[in-house]
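First comes the structure, then the notes that go with it.
4 protein chains.
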Amino acid sequence: MSTSSPAAMALAKQVGIAMFAVDTATKDTMGIEILSCEPGKAVLRMTVQELHLNGHKICHGGFIFTLADSTFAFACNSYNKVAVAAGCSIEFLKPGQLGDVLTCVGQEQALSGRHGIYDMKVTNQKGDVIAMFRGKSAQIQGTVIPE
Amino acid sequence: MSTSSPAAMALAKQVGIAMFAVDTATKDTMGIEILSCEPGKAVLRMTVQELHLNGHKICHGGFIFTLADSTFAFACNSYNKVAVAAGCSIEFLKPGQLGDVLTCVGQEQALSGRHGIYDMKVTNQKGDVIAMFRGKSAQIQGTVIPE
Amino acid sequence: MSTSSPAAMALAKQVGIAMFAVDTATKDTMGIEILSCEPGKAVLRMTVQELHLNGHKICHGGFIFTLADSTFAFACNSYNKVAVAAGCSIEFLKPGQLGDVLTCVGQEQALSGRHGIYDMKVTNQKGDVIAMFRGKSAQIQGTVIPE
Amino acid sequence: MSTSSPAAMALAKQVGIAMFAVDTATKDTMGIEILSCEPGKAVLRMTVQELHLNGHKICHGGFIFTLADSTFAFACNSYNKVAVAAGCSIEFLKPGQLGDVLTCVGQEQALSGRHGIYDMKVTNQKGDVIAMFRGKSAQIQGTVIPE
């Protein structure tokens, strides 16, 4: 259930589409897909492929971080006010195996003035929690897409 | 100046070569090079290319994390005792621009029993600090290469 | 709504009482009260007094950390299996003022084998979020109270 | 060896004295002493007393955090430009026992514009590392003592 207005929902969706279209790292290099972008929330997905594997033949932790960090960026920019990351932390719980479908749900936890806290949870196709990422954002001047 | 024995230095170098050879994510997907691997220390390098850019046309923070996380892995496994990451944090100070040569130096700060703390510092070609990453490692059973 | 059995609820409550009784730092030095201890969850409270104030005449961040860290300890030991902190991070959102009643709710987010993730949220009497703390726990051998 | 000017050294010392004098939490409640305050650096000390002990009869982690957080505050305000904490992380390596003399050395690692990174290392009287704390600071308007 969302308490956002239809206009806020539509704006968030447009912001998500615009950001994703130009994000080479997320889209092309990592092969990440965007499933939704709503006010204060985003869902991204990445299937673990050969290109993501480290020497232990599991998904490089840096790419799980990348999935979560991208989700964070979509969630905290979803109001069409440019926001930047001011800090983050990640906890790894389980490895990502080749073929795993990793879904990352990012959700705003607190927004106080220009500063926000967002939690990203990465799970695999079985529902196991792979990693939890917490990001602190700061809104700066400017909009993502023209108002 | 290193206080490590020639044998420890040689072992660390061999461990680094062996780990790097099979690390698809680091070597192939990211284009990261390894410059050195010594006891408790490693140096890796990544030139920011188009494939690393996010929607702001700067290096994706996740890839700077990946560079530091890989450096951490080489440094904490350099004794040929398998070590895993038990937690980490990163602070971003400056963006990485297209063409920037990012060097990450990882250095052990404390080793107490099986637990270690490693600091990774990412700088660009001008010496500006781009990011600082701190990792906590835990040695588990096993060796990286046969003893 | 809790899905825990009455026995698990009673055990968690007993563990909480036993831990609190001997915790000089939390109880006496900080003046923290325990409101509840349930399986995977705990609620503690601290009123900001003169003794908590730093040079800016606001609550020392270290004492907000202490409130959250204690809550974490109660929540992750609530199954009567000794658990220790393996890492934590905190984000400060608003200062605590003299007279503020700070309530910290700690809640398990994930438990995978012996490792758990707990989120602690500190709010004031107006419901403003003061800080968010995330802890990673590891269960070790032993019980808090005799089985 | 310090590369700071005598004037900068004298100013940092005065700032330290002024801040410490009004910091009830650090000075009175915790019993922390300040050993030095120099440009970008501070050293504080705390002897573990009964009042610091938690239910395991070791120093509460929150008070080790408090020692490091106070050291951070002195180090990042030492230029007499008001700086606030914008985030921090801590790793605990060993417990503090009753009677241990914990010394915390805080040192600037990077200062880029208004943002700084400071590392605090807490050791006991045997030189064992007890905890490592990293803080990110942001300078805001104002001075600690009149210019």
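Protein chains in written order, with our numbering: chain A, 2 to 148; chain B, 2 to 148; chain C, 2 to 148; chain D, 2 to 148. Where a beta carbon is used, it is the ideal one built from N, C-alpha and C, also for glycine. In this text, all values refer to a predicted model and were calculated from it rather than measured experimentally.
Subject >> Near-chain D residues of the segment 97-118 of chain B - C-beta to any C-beta below 8 Å >> reply: Residues of the segment 97-118 of chain B with a C-beta less than 8 Å from any C-beta of chain D: Gln110, Ala111, Ser113, His116 and Ile118, listed in chain order.
Original post:
So, does the CB of Arg46(D) fall closer than 8 Å to a CB anywhere in chain B?
Top reply: Using a Cβ-Cβ cut-off of 8 Å, Arg46(D) does not count as an interface residue toward chain B, since no Cβ of chain B sits closer than that to its own.
Original post:
Does Met2(C) get closer than 8 Å to chain A when you measure Cβ to Cβ?
Top reply: Bear in mind that the predicted position of Met2(C) carries a pLDDT of just 45, short of 50, making it too unreliable to give a figure here.
Subject >> Leu36(D), buried or exposed, once every other Cβ within 10 Å from all chains shown has been counted against 16 >> reply: Result: exposed.
Original post:
Residues in the segment 62-88 of chain C with C-beta within 9 Å of chain B's C-beta atoms, listed in sequence order?
Top reply: Against chain B - using a Cβ distance shorter than 9 Å - the residues of the segment 62-88 of chain C are Ala87 and Gly88.
**OP:** Thinking Met20(C) and Asn81(C) are a contact (beta carbons under 8 Å), I'd like their distance in whole angstroms, please.
**Re:** In fact, because the Cβ distance is near 10 Å, the residues do not count as touching under 8 Å.
Original post:
Do Ile59(C) and Pro7(C) have their C-beta atoms within less than 8 Å of each other?
Top reply: Their beta carbons are not under 8 Å apart, which means Ile59(C) does not touch Pro7(C) by this criterion.
Original post:
Among Ile131(D), Asp101(D) and Gln140(D), which has the Cα closest to the Cα of Pro116(D)?
Top reply: According to the sequence as given, residue 116(D) is His; it is not Pro. Taking only the C-alpha atoms, the option nearest His116(D) is Gln140(D).
**OP:** Rounded to whole angstroms, what's the CA-CA distance from Met2(A) to Glu39(A)? Just pull it up for me.
**Re:** For Met2(A), the predicted model reports a pLDDT of 45, less than 50, meaning its position is unreliable; a value from the coordinates is still stated below. The alpha-carbon of Met2(A) is positioned some 12 Å away from that of Glu39(A).
Subject >> Short CB-CB distance (under 8 Å) between Met10(D) and chain B >> reply: No - not a single Cβ of chain B is within 8 Å of the one on Met10(D).
Subject >> Buried versus exposed, by CB contacts within 10 Å (16 or more), Ile18(C) >> reply: Ile18(C) is classed as exposed because its beta carbon has fewer than 16 other beta carbons within 10 Å across all chains shown.
Subject >> Start and end residues, alpha helix (DSSP H) containing Gly56(B) >> reply: Premise fails: Gly56(B) is in no alpha helix (DSSP H) and is neither H nor E.
**OP:** Go ahead and pull the three-state DSSP assignment for Gly88(B).
**Re:** DSSP places Gly88(B) in strand when its eight states are reduced to three.
Original post:
Thinking just about the alpha-carbon of each residue, which of Gln15(D), Ala87(D), Glu92(D) and Val106(D) is nearest to the one in Gly136(D)?
Top reply: Residue nearest to Gly136(D) within the set Gln15(D), Ala87(D), Glu92(D) and Val106(D) is Ala87(D) (criterion: CA-CA distance).
Original post:
Using DSSP with H/G/I as helix, E/B as strand and the rest coil, what is Ser138(A)?
Top reply: Assignment of Ser138(A) by DSSP, reduced to helix, strand and coil, places it in the strand class.
Subject >> Candidates Val16(C), Thr30(C), Lys28(C) and Lys42(C): closest to Ser5(C) by CA position >> reply: With distances taken between CA atoms, Ser5(C) lies nearest to Lys42(C) out of Val16(C), Thr30(C), Lys28(C) and Lys42(C).
Original post:
Cβ of Phe133(B) less than 8 Å from any chain A Cβ?
Top reply: For clarity, residue 133(B) is Met in the given sequence; the question names Phe instead. Among the residues facing chain A, Met133(B) is not included, as its CB has no counterpart in that chain under 8 Å away.
Original post:
If you count every other CB in all the chains shown that lies within 10 Å of the CB of Ile146(A), and 16 or more means buried, which is it?
Top reply: Ile146(A) should be labelled exposed.
Original post:
Which residues in chain C sit within 7 Å of Gly56(D), going by Cβ to Cβ distance?
Top reply: Near Gly56(D) (Cβ distances below 7 Å), the residues of chain C are Met20, Val23 and Asp24.
Subject >> Residue closest to Thr67(A), alpha-carbon to alpha-carbon, out of Val16(A), Leu112(A), Asp129(A) and Val123(A) >> reply: Minimum Cα distance to Thr67(A) is reached at Val123(A).
Original post:
Taking the alpha carbon of Asp24(D) as the point to measure from, which residue in Glu34(C), Gly62(C) and Arg46(C) has its own alpha carbon closest?
Top reply: Taking only the C-alpha atoms, the option nearest Asp24(D) is Gly62(C).
**OP:** Classify Met20(C) as helix, strand or coil using the three-state DSSP reduction.
**Re:** Three-state result, Met20(C): helix.
Original post:
Given that Val123(A) touches chain C, what residues does it touch there, using C-beta distances under 8 Å?
Top reply: Correct list: empty, because the minimum Cβ distance to chain C is about 11 Å.
Original post:
Quick one: does Lys14(A) have its CB under 8 Å from some CB of chain D?
Top reply: Not one chain D Cβ lies under 8 Å of Lys14(A).
Original post:
For Asp129(D), which three-state DSSP category applies?
Top reply: DSSP, read as helix, strand or coil, puts Asp129(D) in coil.
**OP:** Output yes or no for whether 8 Å exceeds the beta carbon distance between Ala26(C) and Leu45(D).
**Re:** Taking 8 Å as the Cβ cut-off, Ala26(C) and Leu45(D) do not qualify as a contacting pair.
Original post:
From Ala13(B) to Phe75(B), what does the alpha carbon distance come to, in whole angstroms?
Top reply: So the alpha carbons of these two residues sit roughly 9 Å apart.
Original post:
In terms of residue numbering, what span does the beta strand (DSSP E) encompassing Ser37(A) cover?
Top reply: Here the beta strand (DSSP E) through Ser37(A) covers Glu34 to Glu39.
**OP:** Spell out whether any CB of chain F is found under 8 Å from the CB atom of Lys95(C).
**Re:** Any reference to chain F falls outside this structure, whose protein chains are A, B, C and D.
Original post:
Is Ser6(D) helix, strand or coil when you go by DSSP?
Top reply: If DSSP states are grouped into helix, strand and coil, Ser6(D) belongs with coil.
Original post:
Nearest chain C C-beta to Ser90(A) closer than 8 Å, yes or no?
Top reply: Ser90(A) counts as touching chain C.
**OP:** Counting only the same chain and skipping the five closest in sequence on each side, list residues whose C-beta sits under 8 Å from that of Glu51(C).
**Re:** Within the same chain, and ignoring the five residues on either side of Glu51(C) in sequence, the residues whose Cβ sits closer than 8 Å to its Cβ are Leu99.
Subject >> Buried/exposed call for Thr70(C), threshold 16 Cβ in 10 Å >> reply: Before going on, a small fix: residue 70(C) reads as Asp here, not Thr. Buried.
Original post:
With a CB to CB cut of under 8 Å and the five nearest residues on each side skipped, what residues in its chain are close to Ala9(B)?
Top reply: For Ala9(B), same chain residues with a beta-carbon under 8 Å away, outside a window of 5 residues either side, are Pro40 and Tyr80 in chain order.
Original post:
If you check the beta carbons only, do Gln126(D) and Val106(D) fall under 8 Å apart?
Top reply: Not a contact, by the Cβ cut-off of 8 Å.
Subject >> Rounded C-alpha distance that separates Met31(A) from Ala84(A) >> reply: Rounded to whole angstroms, Met31(A) and Ala84(A) show a C-alpha spacing of 22 Å.
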